[in-house]
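Trainee: For what it's worth, our numbering labels the leading residue of the sequence shown as 3, then goes sequentially.
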Amino acid sequence: MSINDRFPDKFAFAAFAILCVVVAIIFGFSRGEKRDEFQQNNIFQQFNNTTSEPPSRARAESEPAPESRRALSDDVHVLPRTDQPSAARESTAASNCIIRGRFLLPDGSPAAGVALDLHGWKSNHERVIQFGLPDRFDDLHHSTDAEGKFQLEFVPPKAYQFTLDTKLEHYGIQMWRWGEIAEGANVELGDIRLARGATIRGKVLNHDGTALGRGIHVYINSEYKSSGDGGDHTYYSAPADPATGEFTICDAPPGPADVYARGEFAWVAGPRIDVAEGAVFERNLYYDGPDPNKTIVVAKGCDLIYIFDEVDSIKLINSFGLAVAEQKTSTFHDVPRGEYTVLIEDPKFKTWSKSGVHSGERVRADLVGSSALRVNITDDAGGAIHTYRMRVRYHFKNMTVSPNEFEIRKPGDPEPANGIYQGIVPGDITIVVESEGYAHSETRIDNLMPGETKAITIQMNRGGFVHGRVTYATGDPARNVKITLASPDADDEILEEWEGYQGFDGIVPDALRPATTGADGSFSFTRVPAGGYKLVTFVSFMLRKQVSADVAANETLYLNISLPAHGFAKGSILGLRAEDVSRLRLEIYSTNPSDSDKFSKGLLTTSPILGPDNHYELGPAQTGDYSLVLSSIPEKEATDPRIPPDGVSLGKITIIAGTTVERNFEIPPKK
3 MSINDRFPDK FAFAAFAILC VVVAIIFGFS RGEKRDEFQQ NNIFQQFNNT
53 TSEPPSRARA ESEPAPESRR ALSDDVHVLP RTDQPSAARE STAASNCIIR
103 GRFLLPDGSP AAGVALDLHG WKSNHERVIQ FGLPDRFDDL HHSTDAEGKF
153 QLEFVPPKAY QFTLDTKLEH YGIQMWRWGE IAEGANVELG DIRLARGATI
203 RGKVLNHDGT ALGRGIHVYI NSEYKSSGDG GDHTYYSAPA DPATGEFTIC
253 DAPPGPADVY ARGEFAWVAG PRIDVAEGAV FERNLYYDGP DPNKTIVVAK
303 GCDLIYIFDE VDSIKLINSF GLAVAEQKTS TFHDVPRGEY TVLIEDPKFK
353 TWSKSGVHSG ERVRADLVGS SALRVNITDD AGGAIHTYRM RVRYHFKNMT
403 VSPNEFEIRK PGDPEPANGI YQGIVPGDIT IVVESEGYAH SETRIDNLMP
453 GETKAITIQM NRGGFVHGRV TYATGDPARN VKITLASPDA DDEILEEWEG
503 YQGFDGIVPD ALRPATTGAD GSFSFTRVPA GGYKLVTFVS FMLRKQVSAD
553 VAANETLYLN ISLPAHGFAK GSILGLRAED VSRLRLEIYS TNPSDSDKFS
603 KGLLTTSPIL GPDNHYELGP AQTGDYSLVL SSIPEKEATD PRIPPDGVSL
653 GKITIIAGTT VERNFEIPPK K
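Below, the structure written as structure tokens:
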């Protein structure tokens with residue numbers, strides 16, 4: 003089943019998803035359950051494997067300067083610029099990823115002939131900006147062999163997300179979804195046991211018993227979740243007959259499921275069904291809202307900014323030229339039958355109108371910003387630069403909107419006449435310019451007015467260079483360690499989230515540049531715009547360091563960064579019930595009174611209990627005292643009465659430099 007079957011109205015789905023993101027961001031980031039640090043990147047094992055080579059995807063290639071042979075310190079050395087050290091960069095050789103697994107029938111025998119459809123399409127806006135889009139990507143269509151096995155092999159575009167839909171007639175549909183798949187990744191889905199599919203059929207009707215009409219799809223949202231990495235809940239649909247309202251959904255998986263219907267003008271709530279394998283359910287859905295045949299929906303869009311519910315004015319003008327309705331929102335109900343002109347007036351956009359619109363229609367309004375920029379790009383000697391990439395970043399007062407950055411000139415696009423970029427939506431913006439051989443430039447423009455054409459001159463420069471070496475307290479090189487160059491006002495919380503959860507492979511927030519140290523602990527950043535920065539070296543949640551640096555154009559900064567002394571800890575949590583192990587996690591807090599670095603305070607990490615005998619592993623961790631708390635994973639509250647919802651303290655542990663402390667903990671009795 004294709005993604006179009008699951009989400010037939012891509013624009014509506016995208017708008018809904020974007021609105022959800024905005025609401026989530028406005029009300030604050032929810033940390034929720036953190037991924038297991040040891041599963042994501044088992045640093046404990048890496049430190050005991052001194053022969054492994056760092057990956058090539060973000061490796062610092064440059065040789066350290068002679069000063070690196072001296073005793074390490076946090077000194078920042080300004081060196082004459084005699085060369086241009088290469089930046090940490092991604093490998094250009096693309097490698098295939100592999101997705102494999104085996105399907106079994108309910109009796110355990112192989113499921114041959116299961117149809118598999120892998121669909122890839124562009125991911126979020128930030129990843130598209132960061133990586134660009136491929137020239138093409140062809141969906142994969144495959145089926146399982148006589149043993150029920152399959153293997154999909156392809157090069158995953160970095161800016162893509164993926165779904166895998168599988169289908170075997172009479173058995174429940176299976177789905178997987180990945181926000182990204184890394185090159186060279188091996189995704190093992192293991193054994194997947196199919197279940198007999200159920201059938202759900204009925205009609206979608208008005209309250210008077212007539213069919214609701216054209217464009218209605220019935221959806222099932224099942225709680226059944228496919229097993230394995232990326233396993234997704236099943237969301238799929240079937241059309242309702244416009245004349246009779248009849249629909250049939252086949253091969254629904256077992257478990258609770260919500261059924262509903264949606265069209266251009268109507269949302270119809272349906273029943274919740276406890277689906278049983280192989281069963282047949284008869285259910286009708288009834289609509290009791292405004293008459294769709296007397297509704298006009300105006301779907302608004304703009305290339306440079308996401309438009310939500312309101313503009314200043316949307317008018318409906320009848321055939322006599324009279325405005326019969328005016329509002330800010332997009333849906334007009336109880337519109338008398340007839341022909342209308344839709345007129346949108348908002349100073350932020352050029353006036354838009356469409357004639358010949360009838361009640362019962364949905365129209366798309368592609369709005370264009372009313373302002374413009376006359377841009378002059380020069381080099382540091384004043385000479386004109388004509389080859390560049392340019393983006394506009396919007397700043398919204400009192401809220402954070404993502405994405406907020408949009409491309410107005412792509413690489414290879416012609417420069418507009420007289421350097422004038424039309425269609426800019428007014429507001430507080432930053433213009434970001436990139437040109438080969440120069441440091442990127444950011445120019446802030448506050449309060450660009452509606453209808454204004456603003457002239458700006460942007461002078462590019464070659465930038466500075468930042469390179470150096472990271473070592474452990476023992477003097478050994480810290481290889482394959484993540485290091486970020488960030489502006490001093492970059493949000494530490496976002497930086498921390500990004501480091502811990504996305505491992506430098508995810509979205510790069512504004513003003514952050516990642517690298518990974520080489521085999522000798524070296525790192526390098528090139529073409530850095532002049533200014534103040536902070537460098538954050540991240541080994542784990544429990545071992546990291548932040549230093550400051552000032553970068554000047556045409557100069558090289560060399561930094562020796564020595565990490566704090568560290569150690570490890572391991573042991574077991576005794577006395578746990580077997581049924582509670584998968585419901586619990588271990589939280590680690592710093593209790594070091596002398597800690598002044600924000601990255602060493604508060605909650606450091608959470609990790610599900612790992613291994614046999616409820617074994618845990620911590621580290622590398624900065625030396626000092628830590629407290630351990632056992633708590634429930636969100637939405638999986640423990641049944642053990644000794645473990646309250648807010649967790650139970652197990653005690654403290656002291657990390658000693660260069661050693662692995664072994665200690666077991668017991669759950670204290672309930673008070």
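Each residue gets a CB set at the ideal place from its N, CA and C atoms; glycine is no exception. This structure is a prediction, so every number in the text was calculated from the model and none was measured.
Mind listing, in chain order, the continuous beta strand (DSSP E) runs of no fewer than 3 residues lying wholly within the segment 361-426?
Mentor: Listed in chain order, they are 364-369, 373-380, 391-397, 407-411 and 422-426.
Trainee: Excluding the 5 residues preceding and the 5 following Glu248 in the sequence, name in chain order all residues of the same chain whose CB lies nearer than 6 angstroms to its CB.
Mentor: Closer than 6 angstroms at Cβ, skipping near neighbours: Lys205.
Trainee: Is Val472 a contact residue of the ligand MN, with contact defined as CB to any heavy atom under 7 angstroms?
Mentor: Among the components modelled here there is no ligand, and therefore nothing to report on the ligand MN.
Trainee: What are the uninterrupted segments assigned as alpha helix (DSSP H) that are 4 or more residues long and contained completely in the segment 527-569, given in chain order?
Mentor: Here no run is fully enclosed.
Trainee: When you compare the segment 621-639 with the segment 558-577, are there three or more beta-carbon pairs, one atom per stretch, that lie closer than 8 angstroms?
Mentor: Enough Cβ pairs lie closer than 8 angstroms, so yes.
Trainee: Determine, using beta carbons only, whether Gly122 and Phe164 come nearer to each other than 8 angstroms.
Mentor: Going by C-beta atoms, Gly122 is nearer than 8 angstroms to Phe164.
Trainee: Within its chain, find whatever has a CB closer than 8 angstroms to the CB of Thr250; leave out the 5 residues flanking it on each side and keep chain order.
Mentor: Thr201, Ile202, Arg203 and Ala240.
Trainee: Output the boundary residues of the beta strand (DSSP E) element that contains Arg285.
Mentor: Note, Arg285: premise wrong, no beta strand (DSSP E); not H, not E.
Trainee: Taking only runs that begin and end inside the segment 182-221, name each unbroken beta strand (DSSP E) of 3 or more residues, in chain order.
Mentor: If we require 3 residues or more, the beta strand (DSSP E) runs fully inside the segment 182-221 come out as 188-195 and 200-208.
Trainee: What does the Cβ neighbour count give for Pro516, buried or exposed, with the cut at 16 atoms within 10 Å?
Mentor: By the neighbour-count rule (16 or more Cβ atoms within 10 Å), Pro516 is buried.
Trainee: Which runs of the beta strand (DSSP E) fall wholly inside the segment 306-362 and span at least 3 residues, in chain order?
Mentor: With a minimum length of 3 residues, the continuous beta strand (DSSP E) runs that stay inside the segment 306-362 are 315-320, 325-329, 341-347 and 354-360.
Trainee: Given a cut-off of 8 angstroms, decide if Tyr560 and Gly470 are closer than it, judged by their beta-carbon atoms.
Mentor: Yes, Cβ-Cβ distance for Gly470 and Tyr560 is below 8 angstroms.
Trainee: Quick test of your reading: Gly756 and Leu287, contact by CB under 8 angstroms. State the CB separation rounded to the nearest angstrom.
Mentor: Nothing about residue 756 can be read from this structure; the chain reaches only from 3 to 673.
Trainee: By the three-class DSSP mapping on this structure, what secondary structure does Ser584 have?
Mentor: Residue state, collapsed to three classes: helix.
Trainee: Within a Cβ cutoff of 6 angstroms, which residues of the same chain sit near Ala148, ignoring the five residues on either side of it in sequence?
Mentor: Excluding positions up to five away in sequence, the list reads Ala114.
Trainee: Starting from Tyr618, trace the beta strand (DSSP E) in both directions and tell me its first and last residue.
Mentor: Per DSSP, Tyr618 belongs to the beta strand (DSSP E) from His617 to Gln624.
Trainee: Nearest-angstrom Cα distance between Gly369 and Asn400?
Mentor: At residue 369 the sequence reads Leu, which differs from the Gly that was named. Roughly 24 angstroms separates the two Cα atoms.
Trainee: Give me the Cβ distance between Gly520 and Glu664, rounded to the nearest whole Å; I'm assuming they're in contact under 8 angstroms.
Mentor: Actually they do not touch by this definition, with Cβ atoms about 33 angstroms apart.
Trainee: I think Val468 touches Phe527, with their Cβ atoms under 8 angstroms apart; what is that distance to the nearest whole Å?
Mentor: Right, their Cβ atoms sit about 4 angstroms apart.
Trainee: In chain order, what residues of the same chain have a beta carbon less than 6 angstroms from the beta carbon of Val427, not counting five sequence neighbours either side?
Mentor: Around Val427: Leu306, Ile307, Lys350 and Gly371.
Trainee: Suppose the cutoff is 8 angstroms on Cβ atoms and the five residues either side in sequence are ignored; what does the same chain contact list for Gly192 look like?
Mentor: Contacts found: Gly103, Arg104, Ser229 and Gly230.
Trainee: As a quick exercise: from Tyr618, Asp478 and Tyr221, pick the residue whose alpha carbon is nearest that of Ile275.
Mentor: Comparing Cα positions, the closest option is Tyr221.
Trainee: So who's on the other strand from Gly232, going by DSSP bridges?
Mentor: DSSP output for Gly232 lists no bridge partner at all.
Trainee: On the premise that Ala259 lies in contact with Tyr289, defined as a C-beta separation below 8 angstroms, what is that separation, rounded to the nearest angstrom?
Mentor: Rounded, the Cβ-Cβ distance is 20 angstroms, inconsistent with contact.
Trainee: So, helix, strand or coil for Lys672, using DSSP?
Mentor: In this structure, Lys672 counts as coil in the three-state DSSP scheme.
Trainee: In whole angstroms, give me the CA-to-CA distance for Arg446 and Asn188.
Mentor: When rounded, the distance between both Cα atoms is 43 angstroms.
Trainee: Applying the criterion that 16 or more other CB atoms from any shown protein chain within 10 Å of the CB defines a buried residue, is Leu375 buried or exposed?
Mentor: Leu375 should be labelled buried.
Trainee: Using only alpha-carbon positions, find the residue among Tyr618, Pro647 and Val583 that is nearest to Thr662.
Mentor: Out of Tyr618, Pro647 and Val583, Tyr618 has the C-alpha closest to the C-alpha of Thr662.
Trainee: Mapping the DSSP letters down to three states, classify Pro614 as helix, strand or coil.
Mentor: Of the three classes helix, strand and coil, the one that applies to Pro614 here is helix, per DSSP.
Trainee: So which of Asp478, Tyr440 and Thr455 has the shortest CA-CA distance to Gly466?
Mentor: Checking every option, the nearest Cα to that of Gly466 belongs to Tyr440.
Trainee: Return the bridge partner residues of Cys99 from the DSSP annotation.
Mentor: In DSSP, Cys99 forms a bridge with Phe156.
Trainee: Ends of the beta strand (DSSP E) at Val116?
Mentor: Per DSSP, Val116 belongs to no beta strand (DSSP E) and is neither H nor E.
Trainee: With distances taken from CA atoms, which of Tyr237, Asp381 and Lys672 is nearest Val435?
Mentor: Out of Tyr237, Asp381 and Lys672, Asp381 has the C-alpha closest to the C-alpha of Val435.
Trainee: Could you name the residues of the same chain whose beta carbon sits closer than 6 angstroms to that of Val359, not counting the 5 residues immediately before and after it, in chain order?
Mentor: Counting only Cβ-Cβ distances below 6 angstroms, and skipping sequence neighbours, we find Tyr342, Val344 and Val365.
Trainee: For the candidate residues Ser564, Lys484, Ile175 and Pro405, whose alpha-carbon lies nearest to that of Ser542?
Mentor: With distances taken between Cα atoms, Ser542 lies closest to Lys484.
Trainee: Beta carbon of Val530, beta carbon of Thr486: below 8 angstroms?
Mentor: The answer is no: Cβ separation not under 8 angstroms.
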